[in-house]
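Visitor: Below you'll find the structure I mean.
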Amino acid sequence: MKKILATSMLSLALASAAYAEPVKIGVITTLSGGGAGLGIDMRDAFTLAMKQSGNKDIELVIEDDAQKPEIAVQLAEKMIQSDKVDLLTGIIWSNLAMAVVPNTVAQDIIYLSPNAGPSALAGANCNANYFNVAYQNDNFHEAMGQYANKDYKKTFILAPNYPAGKDALTGFKRFYKGELAGEVYTQVGQTDYAAEIAQIRDSGADSVFFFLPGGMGISFMKQYAQSGVKTPVMGPGFSFDQDVLGAIGDAALGVKNSATWSKDLDNDANKKFVEAFKTEYKRLPSIYAAQSWDTANLILAALSKASVKDKDAFKAALKAADFKSVRGKFVFNNNNHPIQNVYVREVVKEDGVLTNKIVATAFEDHKDAYADKCKM
């Protein structure tokens, strides 16, 4: 018994030693412009998780990328060279991730993505220093392609012309068996969708699938509702999540959307997260907040097991993913992207507030389409 106790105390001492080590984390995210709501949710959840951990040895360096790749690149270099950060995280947009991540991991800095999951980083260009804690970009869209087969045979699809938009439509088409009434790529940041809505009206589509995150989705849905076009819409959770539902309004009611997370997922970690976020910020959390919360808690769990200065040991601790995810079961695939369930949600109104509830499971233990090309 004494030997067991001594071993346990030594393990705790070692864990505490790793946990108490000064760590600097660079957070680059979007805090201004049309996509600010996404980055604010990311930042707020991340900082709240760190606050609740009680770890006083973690320093956050938080900067606004203004949704511009060139600014994100400058900030990453400043954080690596001047601030001497140990880890980087925070980027929302895939074009910014593609501008920052390859050079970051090449400098032997670990990057953890709380959102963007471009296909180019999931397959042959995977890297042991890159962990995606959110998803691979195609995943939500694959789920809606699968679910659309139940009711629709001729779908019009559209997304912005940037890496995540291309991954979105690729993912939808991978599982959708019906006919495409049209396929359109819009400008990033576009606010006027009159031409696209006219195309939908004339296309003979029986449904519309769109991926337009942040302010883009708000603009599209408002104009779509005003247009009088009655063709039902569906999309990924990004287009119908807590960060945009208030602005879209009742036009979103009943819309089906896909996500790996929902506030009504029945597990203790999720219940605690939703309550903590509501208490701190007086609003419901979004997918971006949930993924960021998981990213923070994954980092905290790894820090309790290994020194961030010992890169191999720390990466092994991250890979083990020994933390309580708000999504429930969470494991990394060989390419450091999650294997996870993807759900179908429906927009509902609860106590006068638009939100989502899970109505189906599209995929269980879903793996991305690019992992087989990763040679890690």
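Sequence positions in the sequence shown follow mature numbering (1 follows the signal peptide of the UniProt record, and there is no 0) and run -20 to -1, 1 to 356.
Even for Gly, the Cβ is constructed at its ideal location relative to N, Cα and C.
The structure presented is a predicted model; accordingly, all values stated were derived computationally and were not measured.
1. Is it buried or exposed, P2, if we count other Cβ atoms within 10 angstroms and call 16 or more buried?
2. Do you know how far the Cα of A281 is from the Cα of G34?
3. By the 10 Å Cβ neighbour count, where 16 or more other Cβ atoms means buried, how is G6 classified, buried or exposed?
4. Quick one: give me the first and last residue of the alpha helix (DSSP H) that A227 is part of.
5. Quick check on the burial criterion: 16 or more other C-beta atoms within 10 angstroms. Buried or exposed for G17?
6. Roughly how many angstroms lie between the CA atoms of V41 and Q179, to the nearest whole one?
7. For R263 and M22, I'd like the C-alpha separation in whole angstroms.
8. Relative to the alpha-carbon of A205, which residue among G70, Q271, R181 and D66 has its alpha-carbon at the smallest distance?
9. First and last residue of the beta strand (DSSP E) that includes A161?
10. Could you tell me the boundaries of the alpha helix (DSSP H) in which K258 lies?
11. Can you grab the Cα-Cα spacing for the pair S207 / F200, in whole Å?
12. Unbroken alpha helix (DSSP H) runs of length 4 or more, entirely within the segment 262 to 347: which are they?
13. Can you tell me whether DSSP reads G234 as helix, strand or coil?
14. Given a cut-off of 8 Å, decide if L11 and F257 are closer than it, judged by their beta-carbon atoms.
15. With C-beta atoms as the reference, is V224 less than 8 Å away from G184?
16. Between the segment 300 to 317 and the segment 268 to 284, do three or more beta carbon pairs fall short of 8 Å?
17. Over what stretch of residues does the beta strand (DSSP E) that includes T135 continue unbroken?
18. Helix, strand or coil for V7? Go by DSSP, reduced to three states.
19. Does the distance from the C-beta atom of S284 to that of F294 stay below 8 Å?
20. Nearest CA to the CA of F343: which residue from K210, I89, M124 and P82?
21. Three-state secondary structure (DSSP) at S(-13)?
22. So the candidates are T9, K64 and G14; which of them puts its Cα closest to the Cα of G169?
23. Are the segment 45 to 64 and the segment 74 to 93 in contact at 8 Å, needing three or more beta carbon pairs?
24. Contact check, A239 vs F312 under 8 Å by CB: the rounded distance?
Guide: Straight from the coordinates:
1. Your numbering for residue 2 matches position 22 in the sequence shown. Exposed.
2. Your numbering for residue 34 matches position 54 in the sequence shown. Your numbering for residue 281 matches position 301 in the sequence shown. Roughly 13 Å separates the two Cα atoms.
3. Here residue 6 refers to the residue found at position 26 of the sequence shown. With 16 or more other Cβ atoms within 10 Å, it is buried.
4. Your numbering for residue 227 matches position 247 in the sequence shown. Unbroken alpha helix (DSSP H) run through A227: Q222 to I228.
5. Start at 1 with the first residue of the sequence shown, and residue 17 comes out as number 37. With 16 or more Cβ atoms within 10 Å of its Cβ, G17 is classed as buried.
6. Along the sequence shown, one-based indexing puts residue 41 at 61. Along the sequence shown, one-based indexing puts residue 179 at 199. Rounded to whole angstroms, V41 to Q179 spans 45 Å at the Cα level.
7. Within the sequence shown, numbered from 1, the residue matching residue 263 stands at position 283. Within the sequence shown, numbered from 1, the residue matching residue 22 stands at position 42. Going from the Cα of R263 to the Cα of M22 covers about 14 Å.
8. One-based indexing of the sequence shown puts residue 205 at position 225. Cα-wise, what sits closest to A205 is R181.
9. By one-based count along the sequence shown, residue 161 stands at place 181. Per DSSP, A161 belongs to the beta strand (DSSP E) from E159 to T166.
10. Numbered from its first residue, the sequence shown carries residue 258 at position 278. Note, K258: alpha helix (DSSP H), D248 to Y261.
11. The residue you call residue 207 lines up with position 227 of the sequence shown. The residue you call residue 200 lines up with position 220 of the sequence shown. About 10 Å.
12. 267 to 283 and 291 to 300
13. Start at 1 with the first residue of the sequence shown, and residue 234 comes out as number 254. Three-state result, G234: coil.
14. Position 277 of the sequence shown holds residue 257. Position 31 of the sequence shown holds residue 11. No; because the gap between Cβ atoms is not below 8 Å, this pair is not in contact.
15. Within the sequence shown, residue 224 is the residue found at index 244, counting from 1. Within the sequence shown, residue 184 is the residue found at index 204, counting from 1. No, the Cβ-Cβ distance between V224 and G184 is not below 8 Å.
16. yes
17. Numbered from 1 along the sequence shown, position 155 holds the residue referred to as residue 135. Looking at the DSSP string, the run of the beta strand (DSSP E) that includes T135 is K134 to P140.
18. Taking the sequence shown and counting its residues from 1, one reaches residue 7 at position 27. Strand, per DSSP.
19. Numbered from its first residue, the sequence shown carries residue 284 at position 304. Numbered from its first residue, the sequence shown carries residue 294 at position 314. Result no, Cβ atoms of S284 and F294 do not sit closer than 8 Å.
20. Taking the first residue of the sequence shown as position 1, residue 343 is located at position 363. The option with the nearest alpha carbon to F343 is M124.
21. Stepping through the sequence shown from its first residue, residue -13 is reached at position 8. Model confidence at S(-13) stands at a pLDDT of 40, short of 50, so the residue's coordinates are unreliable; what they give is reported in the following sentence. Helix at S(-13).
22. Here residue 169 refers to the residue found at position 189 when the sequence shown is read from its first residue. G169 has its Cα closest to that of G14, out of T9, K64 and G14.
23. yes
24. Reading the sequence shown from its first residue, position 259 is the one you call residue 239. Reading the sequence shown from its first residue, position 332 is the one you call residue 312. 19 Å between Cβ atoms; not a contact.
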